[in-house]
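Peer 1:
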Amino acid sequence: MEFKEKLISSYLAFEEDLDLTDSVHDTRAHALKIFEEKGFPSKKDELWKYTSLDALIHKDYSLFPKSEASIELKDVKKYFLYDTDTYKVIFIDGVYNPFLSNTTHDGLDVCLMSAALSKPKYRDIINSYFNKIAPFDESLTALNTSYAKEGAFIYIPKKTVAEKPIEIIHFSSGEQDSLWLQPRNLIVIDKNSQVQIIERHQSLKQHSVVTNSVTEIYVHEEAFVDYYKLQNDLTTASLIDNTYIQQEKNSHASVHTFSLGGKLIRNNLRYFHKGEHILSTLKGVTILEGKQHVDHSTMVHHSQPNCESHQDYKGIFSERSEGVFNGQILVDKIAQKTNAFQQNNNVLLDDKATVNSKPQLEIFADDVKCSHGCTIGQMNEEALFYLRSRGIPKKEAKALMTYAFANNVLESVQLPSLKKRINGQIARKLGVNLGFEL
Amino acid sequence: MLTIENLHAQVEGKTILKGIDLDVKAGEVHAIMGPNGSGKSTLASVVAGNEDYKVIKGKILLKGNDLADLDAESRAHLGIFLSFQYPVEIPGVSVTNFIKTAINANRKAQGLKDMPASELLKKIREKAKLLDIDSKFLSRSLNEGFSGGEKKRNEIFQMAMLEPAFAILDETDSGLDIDALKIVANGVNKLKGKDNAVVVITHYQRLLDYIVPDFVHVLFDGKIVKSGTKELAHELEAKGYDWIKELA
Amino acid sequence: MAYTEEELKKELETKEYEYGFYTDIESDTFPVGLNEEIIRKISDKKGEPEWMTDWRLKAYYNWKEMTEPEWANVHYKKPDLQSISYYSAPKKKPKYENLDQVDPELLETFNKLGISIEEQKKLSGVAVDIVVDSVSVATTFRETLAEKGIIFCSISEAIKDHPELVKKYIGTVIPPKDNYYAALNSAVFTDGSFCYIPKGVRCPMELSTYFRINQAGTGQFERTLVIADESSYVSYLEGCTAPSRDENQLHAAVVELIAMDDAEIKYSTVQNWYPGDKEGKGGVYNFVTKRGLCNTRSKISWTQVETGSAVTWKYPSCILKGDYSIGEFYSIAVTNNFQQADTGTKMIHLGNNTRSTIISKGISAGNSQNSYRGLVKVGSRTKNARNFSQCDSLLMGNDCGAHTFPYIEAKSNTAHIEHEATTSKIGEDQIFYCNQRGIDTEKAIALIVNGFSKEVLNKLPMEFAVEAQKLLEISLEGSVG
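Protein chains in written order, with my numbering: chain E, 1 to 438; chain C, 439 to 686; chain D, 687 to 1167.
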C-alpha cells in the first residue's frame, strides 16, 4: 500500500479516541479530504521545483508509536539550553514526556496542545486561533491538520513578558524504525507581550524518521516574538517545518533558522500582516555536507501599509549537499511605504555541491522600497591571500572566512547562551578552532 | 522684482509662515538669516511653488504677476530659480542633458526655438569655466554620487545657464569648504546685475563676506523680526540668535 | 547622443497608436485553420524542397502533442489557432530589383512607419529586409554585402539558394519541439530573414529587418536564422510594428543565432506591436522564442526595447557552450494600460570561463503587469563561470505590478553569481526639481524614465536608440496621474 493510502486509511484508527462532535474535528476531516485530493507535492509544483519528496514518501512509516520510550535526562541534557533556566515542552516519539518537561500555567500557559484541545477553559482560544492561518491548500499542512492532536501550546496574556525562554523539543528515540511524526504547535502572544522560543527536532539514534510539523504563531499589537529553530539532526532524520505567523500592528516577529544537519529539511515560513508598522525578520544560516538537502521557502505577504521585512539567509555547502532558497515578497496594492529586503548569499565549497536560488518580488504598490540580492560564489581570494600572507595556512584561512561569513547572522540572536552555542557549533562544523570566547 | 505680502503658509496642516512681508528690487541682494526651524526653507519652497506647502493668506508677486495659480514650472518660466538645499538625484540623466532640457523648456515657454547645439555647448563651456567645473562632471548623472560641494556648485551652474530674474539660494553655503565657497560666491557675484535679484538664505554670516547683501532680514517663528543692512549679519554672528527671540 | 525631447513632445499630441493604419493591398490569404494539408500548401506555395516540407510536418506532429504553456505571469484568452490564416502574402509577386517597382501604397506604408528605405539607404547605410505579412518584399544593399560574401536574404530564398546552410543549422539551437510556439512556428513559418557572415568578415553595416502585421486575422510566424562564422561580426536590428486591430493577433517568431568560434553577434530589437487600446481591447500576442549558441570565445548580445504587444512572452537566451564565451542581455520592457509582459533571459553556462551579464529595466504604468523571469544556470563541470544580473523595476501609479522571478541554479563551486533587484518609483522630489527648472511634469517623467533606462539605451545602435527613446515616451503617455 502506498504511504498516502495508509495515511488516509489510518485515519479511522486515529479518530477512535477523539471527540468527533468537536468543531476541531470537522476541521481535521476537511483537511484530510484536501490531502486526499492533492496528495504529496511533486516537483511539478513551482514551490517544490528543487526539492523532491519521492525518496521519503515511497516508504512505509508507522504513524502511532507503539510504546513510550524511556529516556534519561543525562542522555539528552546536551540538547537543552542547560545553562539557562527555561520552560520546556518535551516530546518523545510524539508523546509528551512530563519528566523532562517544565510547563507552567502561572501567569502564562506553556503546556500541551492535547490539553488545550480538550479542556473547556481553552475553548475560546482554540476556536479563535486553531488552523486560522494554516492554509488548507498546502497539502502537507492539511495532512498535519488532519492528524493534529499533540504539540506545544503557548499562550502569553496581555502585558506579559515571559521570564524564561521556552524550549520545544521533539525527540525521536529510535526504538522504532520508520516513524512519521506530525506535531502541531499553537502559539498566541497577546498585546504588549514578549516571548522567546527555541524549537528543536532531534533523533537520538540513526533511524528513519520524518517530521511534518505545523506551527501557528499569532503576534498581537505591540507584541514581540523571538523564535529560534535549531536543525542539527542526524542524517537519517527529515523535517518538513511549516510555520505561519500572523502579526498585528506594531508587532515584531523574528525567526532564526539554523540548519546544520539532517537528511532533508524543508522550511516553509510564511508571514501575514494584519496591521501597520509591523516588523518581520527572517534569518537563516545553513551549513551542509554529505548529501544533505535544505530548502528554505519563505513568503512575506505585505498586505498593509508602512510595514517592514528583512530576510537574510546564508548558506555554505560542501560535498554533495544541496541548498534551495525560494523567497517571496508580495506587496499588495494598499501596502504603500513598504520596506522589504531580501538577501541570500551562498558559498559552494566543493564542486558537487548545488545551490538553487529563486528570490522573487511581486509588487503591486508604487511607493515602496523593495530589493533582493543573491550571490553564489567562493571566498574572496584577496582576503584569503591576506590571511595566508600573515601565515595562516590556506585550509584554516578558508575555514575562518567561511565562519565569518556565516557568523554575522548571529549578531541578531538575543539569547547570549544560545548565541554562544550556535557559534561554537558553526565553528566546529567549519573546522575553526576559536580558542577564545566571542 | 519680488514682493511678498503678509504671507502665511502651512505644511501638513502646520502653519510655518505667519505673515512675511518682503520687497526685493531689481539689482538688490537680500539675505535671510535665522535659527533652524524659523521657516527659511519653507519660504524658499513656497516661492518656488512646491505643492506640499499651502499658502493660506497673503500673496507673492513677481514683477507684478501674482504667482498664486502658477505651478512650479510656470514660475520657473517667469524667472524664478531655487538653488535647493538638498538637490535630488536623478540617475541616468546627465547634467548636460538635464540643463539642455531645462533651457529649451524655458525657451519654449518664451516662444523661442530650441537653442542651437553649438550655442548651447559654448554657453556650457563658458559657465563651467566660471564655476571651475570639469567637463567630465557634466556627463555624470545629475547629483548622483556628488559630494555636498559638487551638488551646490551644480546648482549655481544651472543658475548661470538659466539666467533667472530672481534666484533664491537656500543654504548654498552648507557643505562647502572655503575654496568652493569662494568659487560659488564669485559665480553668484558675476551673475548679479541691475535686472535681476538674489535672495540668499543662510544660517551663518560666512557666505555674506563673499556675497555682500544690500539688506539682511532675520526670520524667527515664521516672521521677519528684524531687518537691516549687512552690519546686522555681523551682529548676529557675534551675539547669536538668542537675543532675536526676545524681539519676537 | 541625438537630442529628441522636443520631437517627442510632438509625438505626444497623438493619443492613438501612431502606426495604427491599415494598408489596402490585395492579399493572397489561405483559408483559416491548421492541418497537414495547410502545411503542405505553405511549403508548396513557397516552392520548398521535400526535406523542408518533411521538417515542417515533423514539427507539426510534435506540436499537436504539446499544450500551451501556462507558467508565465500573464493572463489572456488563448488564441484559437484553428481560426488563424497561416499564410498571407501581398498578391503582387514581390520581387523588386529597385524601389520604383514597389507598390506605391506599400512604400507609403514604409514612409508612415518612418523607415523610408531611401533615406536609410542614403543616410545610415542600413541594409533593410522588410517583411510585410510574412513575405520579404524589399531587400537592399544585397550587392554590397555579396561582395564580402555575406548572405542576407529572406529565409525562403535561403532555403532555395543556400539549402546546405539552412539544412545544417535550422532548428539546431531551437529544436522544433522546444516549446509549443516554437513547434508551431517550425510547422508554419512563412518567411523571415537569413543571414550568413563568412569567416573573418566584419559586416560593414547594421543589418535591419522590419516586421509588420497587416492583414486581419493573420498570425505572424517569421523565422530568423543568423550564422556568424569564425571570427566574424554582425550587428542585426529588428523592428516590429502592427496596425491597430481589435482582435488579438498572434505573433510567434523564432530567432536562432549561431556564433562560431571568436564570432560576435549583436541582436537588437525594438518591438512596438499594437498593444491594444486603453481598455485592453485588442493587441498582439507576442510569443517569441529567441536563442543563441555561443562557441569558443564568441559573444552574443541581445538588446531589446519592448514597448508594444498586449501580451509578451519572450526570453532571448544564450547557450554558452564554448569556453570563454560571453552572453549579454540588455532589456527595457515598458507596459502601460492593460499590457502584460513576462520577459527575461536564460544564460546557460556550459563552457569554462564563460561570462554573462543581465541588465533588465522594467517600467510598469496604468493597469499593466510587468514580470522579469530569468534563469542563470551553471553546470557541474563548468569552471569559473561568472554572471552578474541587475533587475530594476519602476512603478508608475498604483494599479500596475512589477514582478521579478529569477532562477539561479549553480552546481559548480567555481561559479560566481550575483543578482540584484530593486523596485522604485519616480520621486515627487525629482519631479519638483525638474518643475523648478521649468520642465513640465510629463517631460520630467520622460527624462527620468530615460535616465532609468540609460544603461540599456546606450547598448542600442544610434539610429535605434533615438527611436527607442521616442517609443518609451509614446508608450507611457497618459500614465501620469
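C-beta atoms are modelled at their ideal positions from N, C-alpha and C, and glycine is treated no differently.
Just so it is clear, the structure is predicted and the values come from calculations on it, not from any experiment.
Report the start-end ranges of each beta strand (DSSP E) in the stretch 147-205 of chain E that is 3 residues or longer and not cut off at the edges.
Peer 2: Those beta strand (DSSP E) runs which fall completely within the stretch 147-205 of chain E and span 3+ residues are 152-156, 166-172, 179-181, 184-189 and 194-203.
Peer 1: Distance cutoff 9 Å, beta carbons only. Does Met-1033 of chain D sit that close to anything in chain E?
Peer 2: No, Met-1033 of chain D lies away from the interface with chain E (no Cβ there is under 9 Å from its Cβ).
Peer 1: So within the stretch 69-147 of chain E, which uninterrupted beta strand (DSSP E) runs reach at least 3 residues, ignoring any that extend past its ends?
Peer 2: As far as the stretch 69-147 of chain E is concerned, its whole beta strand (DSSP E) runs of at least 3 residues are 87-92 and 109-112.
Peer 1: Give every residue of the same chain whose Cβ lies closer than 6 Å to the Cβ of Glu-322 of chain E, excluding the five residues on either side of it in the sequence, and list them in chain order.
Peer 2: Around Glu-322 of chain E: His-293 and Thr-354.
Peer 1: Counting only runs that start and end within the stretch 502-558 of chain C, where is the alpha helix (DSSP H) found for 4 or more residues in a row?
Peer 2: 510-516 and 533-547, all fully within the stretch 502-558 of chain C.
Peer 1: Distance, Cα to Cα, Val-285 of chain E vs Leu-234 of chain E?
Peer 2: So the two alpha carbons sit approximately 17 Å from each other.
Peer 1: Could you confirm whether any beta carbon from chain C is found closer than 9 Å to the beta carbon of Tyr-1016 of chain D?
Peer 2: Chain C contact via Cβ: absent.
Peer 1: With 9 Å set as the bound, which would you pick, yes or no: does the beta-carbon of Asp-1085 of chain D sit closer than that to a beta-carbon of chain E?
Peer 2: Answer yes: the Cβ-Cβ gap between Asp-1085 of chain D and chain E drops below 9 Å somewhere.
Peer 1: Do you know whose CA, among C:Val-638, C:His-446 and C:Thr-534, lies nearest Asp-572 of chain C's CA?
Peer 2: The option with the nearest alpha carbon to Asp-572 of chain C is C:Thr-534.
Peer 1: Out of C:Asp-680, C:Leu-614 and C:Leu-607, which one is the CA nearest neighbour of Asn-627 of chain C?
Peer 2: Taking only the C-alpha atoms, the option nearest Asn-627 of chain C is C:Leu-607.
Peer 1: Could you tell me the distance, in whole angstroms, from the CA atom of Glu-843 of chain D to the CA atom of Gly-733 of chain D?
Peer 2: The alpha-carbon atoms of Glu-843 of chain D and Gly-733 of chain D are separated by roughly 10 Å.
Peer 1: Can you confirm whether the stretch 871-880 of chain D touches the stretch 744-751 of chain D when touching is taken to mean that 3 or more C-beta pairs between the two stretches lie within less than 8 Å?
Peer 2: Result yes; three or more Cβ-Cβ pairs closer than 8 Å.
Peer 1: In the DSSP output, what is Asn-212 of chain E paired with across the bridge?
Peer 2: DSSP, once it has assigned bridges, lists E:Ile-240 as partnering Asn-212 of chain E.
Peer 1: Closer than 7 Å by beta-carbon distance: list the chain E residues that pair up with Gly-1099 of chain D, in chain order.
Peer 2: According to the sequence shown, residue 1099 of chain D is Asn rather than Gly. Within chain E, the residues near Asn-1099 of chain D are Leu-348, Leu-349, Asp-350, Asp-351, Ala-353 and Gln-378.
Peer 1: Given that Gln-1122 of chain D touches chain C, what residues does it touch there, using C-beta distances under 7 Å?
Peer 2: Within 7 Å Cβ-Cβ: Ala-486, Ala-510, Ala-514 and Leu-520.
Peer 1: Is the distance from the Cβ of Glu-156 of chain E to the Cβ of Val-89 of chain E below 9 Å?
Peer 2: First, the residue type needs correcting, since residue 156 of chain E is Ile and not Glu in the sequence shown. No, the Cβ-Cβ distance between Ile-156 of chain E and Val-89 of chain E is not below 9 Å.
Peer 1: Taking the alpha-carbon positions, what's the Asn-131 of chain E to Ala-31 of chain E distance?
Peer 2: Taking the straight line from one Cα to the other gives about 10 Å.
Peer 1: Can Gln-336 of chain E and Asp-366 of chain E be called in contact, C-beta distance under 9 Å?
Peer 2: Taking 9 Å as the Cβ cut-off, Gln-336 of chain E and Asp-366 of chain E qualify as a contacting pair.
Peer 1: Give me the chain D residues within the contact set of Ile-579 of chain C, using Cβ-Cβ distance strictly less than 9 Å, ordered along the chain.
Peer 2: At residue 579 of chain C the sequence reads Ser, which differs from the Ile that was named. The answer, in chain order, is Gly-1137 and Lys-1140.
Peer 1: Could you list which residues in chain C have their beta carbon closer than 9 Å to that of Asn-767 of chain D, in chain order?
Peer 2: Residue identity check: residue 767 of chain D is Leu in the sequence provided, not Asn. Result: empty, since nearest Cβ-Cβ is about 42 Å, beyond 9 Å.
Peer 1: With 16 other CB atoms within 10 Å as the buried threshold, where does Gln-548 of chain C fall?
Peer 2: The residue is exposed, with fewer than 16 neighbouring Cβ atoms inside 10 Å.
Peer 1: Please report the distance separating the alpha-carbon of Thr-104 of chain E from that of Phe-317 of chain E.
Peer 2: Looking at the two C-alpha atoms, the distance is approximately 40 Å.
Peer 1: Of the residues that make up the stretch 539-556 of chain C, which ones have a beta carbon closer than 7 Å to any beta carbon in chain D?
Peer 2: Result list: Thr-539, Ala-540, Asn-542, Ala-543, Asn-544, Ala-547 and Asp-552.
Peer 1: Identify the continuous alpha helix (DSSP H) that holds Pro-849 of chain D and give its terminal residues.
Peer 2: That run of the alpha helix (DSSP H) goes 849-855.
Peer 1: Answer yes or no: does any C-beta atom of chain E fall closer than 9 Å to that of Met-1082 of chain D?
Peer 2: Yes, contact with chain E.
Peer 1: Given a threshold of 16 other Cβ atoms within 10 Å of its Cβ, counted over all protein chains shown, does Gly-530 of chain C qualify as buried or as exposed?
Peer 2: By the neighbour-count rule (16 or more Cβ atoms within 10 Å), Gly-530 of chain C is buried.
Peer 1: What does a CB cutoff of less than 8 Å around Glu-5 of chain E pick up in its chain, not counting 5 residues either side in sequence?
Peer 2: Excluding positions up to five away in sequence, the list is empty.
Peer 1: Mind checking if Ile-1044 of chain D is an interface residue toward chain E, Cβ cutoff 9 Å exclusive?
Peer 2: No, Ile-1044 of chain D lies away from the interface with chain E (no Cβ there is under 9 Å from its Cβ).
Peer 1: Using 9 Å as the limit for Cβ to Cβ distance, is Thr-1029 of chain D near chain E?
Peer 2: Not one chain E Cβ lies under 9 Å of Thr-1029 of chain D.
Peer 1: Which chain C residues sit within Cβ distance under 9 Å of Phe-1150 of chain D?
Peer 2: What Phe-1150 of chain D touches in chain C: nothing, since even the nearest Cβ is about 18 Å away.
Peer 1: Alpha carbon to alpha carbon, how far is Ile-125 of chain E from His-220 of chain E? Give it in angstroms, no decimals.
Peer 2: Going by the C-alpha atoms only, they are around 13 Å apart.
Peer 1: For a minimum of 3 consecutive residues, which ranges assigned as the beta strand (DSSP E) are wholly contained in the stretch 256-307 of chain E?
Peer 2: Counting only runs of 3 or more, we get 264-273, 279-288 and 293-302.
Peer 1: So which residues of chain D does Ile-528 of chain C contact, with C-beta pairs closer than 7 Å?
Peer 2: Per Cβ cutoff of 7 Å: Gln-1116, Ile-1134 and Gly-1137.
Peer 1: Quick check on the burial criterion: 16 or more other C-beta atoms within 10 angstroms. Buried or exposed for Tyr-82 of chain E?
Peer 2: Exposed: under 16 other Cβ atoms inside 10 Å.
Peer 1: If distances are taken between C-alpha atoms only, which option among C:Ala-543, C:His-641 and C:Gly-631 comes closest to Ala-510 of chain C?
Peer 2: Nearest of C:Ala-543, C:His-641 and C:Gly-631 to Ala-510 of chain C, Cα basis: C:Ala-543.
Peer 1: Residues of chain F with a CB under 8 Å from the CB of Asp-877 of chain D: which are they?
Peer 2: Among the chains of the structure shown, chain F does not appear; the protein chains present are E, C and D.
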